[in-house]
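Novice:
Structural data, given as structure tokens:
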């Protein structure tokens, strides 16, 4: 088990090479579906192995601990591995059904991206985190601009510029951490930020990761770039790339930093601003994916506010919300993507009454939207309850009030989206405001064959998963509590990484 | 000291180029920023107080340069190289108008 951890990264990379070398769409499809499924199965085994607080760690190529690149999986890493494998699978099924894999480069790029994502969740080394983020980013640059519309190329340039800057800052930060602390191994850096020079270097790393996670005030790139590409690619990115930034922030803030009162205040202020600005931006967006992209910004505030609240309880809320949000957000993007692929437009003003023809998509959207808002009996209810509980336990009334108000805002914008697209009346024809260059879809999706029905499936399955967790949350709550306890006291992580 | 000054000059030049119009200047800006960060990594290894690595018949291992930051720099150079190749490919694909800095930025004329 431990020696197989690097395979989680090596396997998808090898599969990407195979997908390039071996001709035939069937081979690519088999690889694209089998590899995430295998990684997901491995992730489930890892969750089972780590649920009691054990940490599965290995030193790559057998070098000595402290010198080697270490891969370590605790409960949070294992959970994120399972969730991201599931999402890659769902987004790939959607992409195949939308006709994206007619391009022979799509599957290798997605496999490479997923390799970087899995590696980022498993690595115990800051520089390796940077490398894994780069491995995930390079295919994303290509995937974002692949559709070739002027909009996509413009968005691609912005995405490229922002992410290259953030990567440069991250690398500089890692270099500064090495200069001040003498190591980049996360286990050896435990608590290192107590010394001021290391704290400054950690601050640089945190800024870079915040850009990747799209926190306020560096969130602007997300709503400007994600809606400009194809729906399948947006759904793929939504569950993977920003979550690496969020995970990195959680890891750095829990292992390296002991929160002081000043840091707590700063983090809470940034997260509250993120929640508010995200939902305000969502209320004004004219496209479906623009609304959802702003919601991504807002929800990251919910996820990360628990990092500095109430110790293990807050961290448990962080983990639960992270898992819930990743699933629900991807489900929303997939459901909205069905509409966009079939109707060839993403503007809310040009859509309406879609539910008459796409009943199941409307239902999936309804479930996922209610989960995002936090209504019972869906997983979002338990997630928000966890955040509110952590805020109350820590005495931060502002967190509770803002969280509730922003939930109302989320409800309003989801209503606007749902009514405007699914349940309202169709717009009068001839009033279409769609610029033909704004429709990036390849061809309306596959219209025939077994894959045409598969367009609806991924979003629906994920929405049902949210419902299932909402009805029976105990297993996920228990796992989140275990993960939160492990994050609050990283000594097991440190010990597992450093033992020979 | 020279490393610090070099990093400062490179970062200043890189950020200046990043803010210019034209894709080629963006690429050059990132290349310079990448070089600057590589120098930061080298400095992180204590370049000012250590000898060059593995040079000379009498090798004092304690004073020889730290190999780990040099490994970091190698990795970073390779990554920057790959990204630069991709960026230059983008320029080649976009055609000459994207590198023309005298034309007004086309994106400003687009509808939101």
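Protein chains in written order, with our numbering: chain A, 1 to 500; chain B, 1 to 112. Backbone N, C-alpha and C fix where the C-beta goes; we use that ideal spot for every residue, glycine too. If you're wondering where the values come from, they're calculated on a predicted model, not measured in any experiment.
(1) Specify the secondary structure class of residue 192/A as computed by DSSP and reduced to three states.
(2) Which bits of chain B does residue 245/A rub up against, with CB to CB less than 8 Å?
(3) Cα separation between residue 196/A and residue 252/A?
(4) Does the segment 90-103 of chain A come close enough to the segment 200-215 of chain A to have 3 or more Cβ pairs within less than 8 Å?
(5) Which residues of the segment 56-82 of chain B have a Cβ closer than 7 Å to any Cβ of chain A? Give them in chain order.
(6) For residue 387/A, which residues in the same chain have their Cβ closer than 7 Å to its Cβ, ignoring the five residues on either side in sequence?
(7) Given that residue 34/B touches chain C, what residues does it touch there, using C-beta distances under 8 Å?
(8) Contact criterion: CB-CB distance below 8 Å. Does residue 159/A meet it with respect to chain B?
(9) By Cβ distance below 7 Å, which residues in the same chain neighbour residue 174/A in space, the five residues on each side in sequence not counted?
(10) Count the other CB atoms, across all protein chains shown, that sit within 10 Å of the CB of residue 326/A; report buried if there are 16 or more and exposed otherwise.
(11) Which chain B residues sit within Cβ distance under 7 Å of residue 127/A?
(12) If the cut is a Cβ gap below 8 Å, which residues of chain A does residue 44/B touch?
(13) Beta carbons nearer than 7 Å to chain B: which residues of the segment 313-332 of chain A have them?
(14) Does any CB atom of chain A fall closer than 8 Å to the CB of residue 28/B?
(15) Quick check: the Cα distance between residue 220/A and residue 1/B, rounded to an integer number of angstroms?
(16) Would you call residue 5/B buried or exposed, if buried means 16 or more other Cβ atoms sit within 10 Å of its Cβ?
(17) Below 8 Å CB to CB, which residues in the same chain sit around residue 254/A once its five sequence neighbours on both sides are set aside?
(18) Tell me which residue opens and which closes the beta strand (DSSP E) that residue 59/A is part of.
(19) Taking buried to mean at least 16 other C-beta atoms within 10 Å of its own C-beta, is residue 290/A buried or exposed?
(20) Using a threshold of 8 Å, state whether the C-beta atoms of residue 39/B and residue 3/B are closer than that.
(21) What residues in its chain sit with their C-beta under 7 Å from that of residue 456/A, if we drop five residues either side in the sequence?
(22) Which same chain residues end up closer than 6 Å to residue 168/A when comparing Cβ atoms and leaving out the 5 residues on each side of it in sequence?
(23) Tell me the DSSP bridge mates of residue 64/B?
(24) Among the residues of its own chain, which have a CB less than 8 Å from the CB of residue 15/B, if the five just before and after it don't count?
(25) Would residue 61/B be called buried (16 or more neighbouring beta carbons within 10 Å of its own) or exposed?
(26) Ignoring anything shorter than 3 residues or poking outside the segment 18-65 of chain A, list the beta strand (DSSP E) runs there in chain order.
(27) Looking at the C-beta of residue 291/A, does it have a partner C-beta in chain B at a distance below 8 Å?
(28) Just the chain A side, please: which residues come within less than 7 Å of residue 41/B by C-beta, in chain order?
(29) Using a Cβ cut-off of 7 Å, pull out every chain B residue sitting near residue 172/A, in sequence order please.
(30) Thinking C-alpha only, which one of 51/B, 49/B, 13/B, 25/B is nearest residue 37/B?
(31) On a CA-only basis, which of 261/A, 496/A, 243/A, 259/A is nearest residue 297/A? Give me that one, please.
(32) So, does the CB of residue 164/A fall closer than 8 Å to a CB anywhere in chain B?
(33) Extract the residue ranges of the alpha helix (DSSP H) inside the segment 93-164 of chain A, only unbroken runs of 4 or more that lie entirely within it.
(34) Taking Cβ positions, are residue 44/B and residue 67/B nearer each other than 8 Å?
(35) Answer with yes or no whether the minimum CB distance from residue 272/A to chain B is below 8 Å.
Specialist: Taking the geometry as given:
(1) Position 192 of the first chain, counted from the start, is the residue given in the question as residue 192/A. Note: residue 192/A maps to helix in three-state DSSP.
(2) One-based indexing of the first chain puts residue 245/A at position 245. Per Cβ cutoff of 8 Å: no residues; residue 245/A is ~18 Å from chain B at best.
(3) The count along the first chain starts at 1 and reaches residue 196/A at position 196. The count along the first chain starts at 1 and reaches residue 252/A at position 252. Taking the straight line from one Cα to the other gives about 16 Å.
(4) Judged by Cβ distances under 8 Å, the segment 90-103 of chain A makes no contact with the segment 200-215 of chain A, as fewer than three pairs qualify.
(5) Per Cβ criterion, the list reads 69, 72, 75, 76, 79, 82.
(6) If you number the first chain from 1, residue 387/A lands on position 387. Apart from the 5 residues on each side of it in sequence, residue 387/A sits with its Cβ closer than 7 Å to the Cβ of 302, 305, 306, 317, 321, 403 in its chain, given in chain order.
(7) Given the protein chain composition of this structure (A and B), no chain C is represented.
(8) Taking the first residue of the first chain as position 1, residue 159/A is located at position 159. Interface annotation, residue 159/A: not in contact with chain B, CB-CB separation never under 8 Å.
(9) On the first chain, position 174 is the one that residue 174/A refers to. Apart from sequence neighbours up to five positions away, the residues of its chain that approach residue 174/A with a beta-carbon distance below 7 Å are 126, 127, 130, 184, 205, ordered along the chain.
(10) On the first chain, position 326 is the one that residue 326/A refers to. Answer is buried; the Cβ neighbour count reaches 16.
(11) Within the first chain, residue 127/A is the residue found at index 127, counting from 1. The contacting residues are 72.
(12) As a working mapping, residue 44/B is identified with position 44 in the second chain. Residues of chain A passing the Cβ test: 175, 176, 178, 179.
(13) Flagged: no residues at all.
(14) Locating residue 28/B in the second chain gives position 28, where the first residue counts as 1. Residue 28/B does not count as touching chain A.
(15) Locating residue 220/A in the first chain gives position 220, counting from the first residue. Locating residue 1/B in the second chain gives position 1, counting from the first residue. The straight-line gap from Cα to Cα measures roughly 37 Å.
(16) If you number the second chain from 1, residue 5/B lands on position 5. In the assembly as shown, residue 5/B is an exposed residue. Its beta-carbon has fewer than 16 other beta-carbons within 10 Å.
(17) The count along the first chain starts at 1 and reaches residue 254/A at position 254. Around residue 254/A: 307, 315, 487, 488, 490.
(18) Here residue 59/A refers to the residue found at position 59 when the first chain is read from its first residue. 56-59 is the extent of the beta strand (DSSP E) around residue 59/A.
(19) As a working note, residue 290/A is residue 290 in the first chain. Buried is the call here.
(20) Within the second chain, numbered from 1, the residue matching residue 39/B stands at position 39. Within the second chain, numbered from 1, the residue matching residue 3/B stands at position 3. Yes, the pair counts as a contact, with Cβ atoms nearer than the cut-off.
(21) Taking the first chain and counting its residues from 1, the one referred to as residue 456/A is at position 456. By the criterion of a C-beta distance shorter than 7 Å, residue 456/A is surrounded in its chain by 338, 360, 361, once the five residues flanking it on both sides are discounted.
(22) Counting from 1 along the first chain, the entry for residue 168/A is found at position 168. Closer than 6 Å at Cβ, skipping near neighbours: no residue.
(23) On the second chain, residue 64/B is found 64 positions in, with the first residue counted as 1. Answer is 51/B, bridged to residue 64/B.
(24) As a first step, residue 15/B is located in the second chain; it is residue number 15 there, counting from the start. Taking residue 15/B as the centre and dropping the five residues before and after it, the same chain places the C-beta of 29, 33 closer than 8 Å to its C-beta, in chain order.
(25) Taking the second chain and counting its residues from 1, one reaches residue 61/B at position 61. For residue 61/B, the number of other beta carbons within 10 angstroms of its own is below 16, and it is reported as exposed.
(26) When DSSP assignments are scanned along the segment 18-65 of chain A, the uninterrupted stretches of beta strand (DSSP E) that are 3 or more residues long and fall wholly within it turn out to be 56-59.
(27) As a first step, residue 291/A is located in the first chain; it is residue number 291 there, counting from the start. Not closer than 8 Å to any Cβ of chain B, the Cβ of residue 291/A fails to qualify, so no.
(28) Mapped onto the second chain, residue 41/B falls at position 41. Ordered by position in chain A, the residues that pass the 7 Å Cβ test against residue 41/B are 175.
(29) Sequence index remark: in the first chain, residue 172/A carries index 172 (1-based). Under the 7 Å cutoff, chain B gives 37, 40.
(30) Position 37 of the second chain, counted from the first residue, corresponds to residue 37/B. Among 51/B, 49/B, 13/B, 25/B, the Cα nearest to that of residue 37/B is on 13/B.
(31) If you number the first chain from 1, residue 297/A lands on position 297. Out of 261/A, 496/A, 243/A, 259/A, the CA that lies nearest to the CA of residue 297/A is found in 243/A.
(32) If you number the first chain from 1, residue 164/A lands on position 164. Closer than 8 Å to some Cβ of chain B, the Cβ of residue 164/A qualifies, so yes.
(33) Correct list: 106-122, 126-145.
(34) For the purposes of this step, residue 44/B is taken as residue 44 along the second chain, with counting starting at 1. For the purposes of this step, residue 67/B is taken as residue 67 along the second chain, with counting starting at 1. No, they are not a contact pair.
(35) The residue labelled residue 272/A in the question sits at position 272 within the first chain. Not a single CB atom of chain B sits nearer than 8 Å to the CB of residue 272/A.
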